[in-house]
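Each residue of the sequence shown is one higher than the last, beginning at 0 in numbering that gives the first Met the number 0. Glycine included, every Cβ here is placed at the ideal spot set by N, Cα and C. These numbers come from a predicted model, not from an experiment. Worksheet: one structure, shown below.
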Amino acid sequence: MSNQARGCYITLMSHEWLAKGNGISNQISALAKICGESEKDMALLWQSLEVCFIPHPKDDTKLIHPRLEKERKKQKENKKKRTNAGKQGANARWQTHSNRNATAIAKDSLSSSSSTSSSTSVKKTSAKKAVKKKPVKTDKEITDTTKALRAWITEYESQTKDFPDFSPARDNAILKLLVDTHGLEKVLYKIPYHIASRKMLTIPGFKTCFNSLGINGSSTNQTRGAKKKQALEEMAKKLEEESGNLIDMVQPRRINA
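Printed below as a string of structure tokens:
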């Protein structure tokens, strides 16, 4: 190909790729407009370019580039494989944590039953009282707040390779409010981004990163640390606005005569 023909060839391939499988026109006038050539020059150039394109299988008025369409099909297949792999990985992580939770529940039930049996053997009563055990929650009875908490722990472990610290208190009040306000799907979608960005937390009891996902910043939703930070910022702003020496803001001490 000449340099002119090569430039037209690359231009036509670019347009065909952006057409997303719809192809380009097979009319010389349309091709000339795409390449910025006259119809006369385009007719001469097309003699060397025509062999690079084939008719569209579904539209006789269009042309496609076979190599580009092969690459397009390959990319679609790779995208589908990555999507399926991601779903399988997510299902595996959820299954692992579900098994851990079931094991923990089983241990708790065993310890509670043993303590109950020991206490009843010591106390001798005339009538035997039936001990009512709390029903063990199944996976179907697990709340959305619990699902959000599991997802948060899973994502934190995945990104930091460590288990989150829940001291001094394990309070899920705001996490429940987030789920009730925005829905479980939106909370699960936002969790990875807020852990990755290392934003300040607004959930009481969580020392690690997690922000409010849109909950307003009123005093009822703020932790003690958030309130202290806000107070310090207001004090710094006030100091910047004050003119004169900072020593003038200190009250003089009274000296008793």
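Per DSSP, reduced to three states, the secondary structure at PRO65 is helical.
In the same chain as ILE152, and ignoring 5 residues on each side of it, the C-beta atoms closer than 8 Å to its own belong to HIS96, PHE162 and PRO163, in chain order.
A contact between stretches requires three or more CB pairs, one per stretch, nearer than 8 Å, and the segment 177-186 meets this requirement with the segment 142-151. Assignment of beta-bridge partners to PRO54 by DSSP yields LEU62. Under the 8 Å Cβ criterion, the segment 32-44 counts as touching the segment 0-17, having at least three qualifying pairs.
In the structure shown, the three-state DSSP call for ILE194 is helix.
ILE23 carries a strand assignment under DSSP once its states are collapsed to helix, strand and coil.
Taking the Cα of ILE190 as reference, the smallest distance to any Cα among GLU154, ARG92 and THR10 is reached at GLU154. The three-state secondary structure of ALA18, taken from DSSP, is coil. Inter-segment contact for the segment 74-84 and the segment 55-62 is absent: fewer than three beta-carbon pairs are separated by less than 8 Å. Annotated three-state conformation of ILE9 is helix, per DSSP.
In this structure, ARG92 places its C-beta atom within 9 Å of the C-beta atom of SER157. For GLU38, the enclosing alpha helix (DSSP H) begins and ends at 38-48. When the alpha-carbon of LEU176 is set against those of CYS51, THR159 and ALA147, the nearest one is in ALA147. Sorting VAL186, LYS160 and THR159 by C-alpha distance to the C-alpha of ALA150 places VAL186 at the top.
One thing to note: LEU11 has its Cβ within 9 Å of the Cβ of LEU48. Taking every protein chain shown into account, the CB of LEU30 has 16 or more other CB atoms within 10 angstroms, so this residue is buried. In the structure shown, LYS160 adopts coil according to DSSP, grouped into three states. Shown here, ILE33 sits in a helix according to DSSP, grouped into three states. C-alpha of PRO54 to C-alpha of ASP40: approximately 22 Å in a straight line. The shortest C-alpha to C-alpha distance from SER37 to any of CYS7, HIS14, LYS19 and SER13 is the one to CYS7.
Less than 9 Å separates the beta-carbon of ILE33 from that of ILE23.
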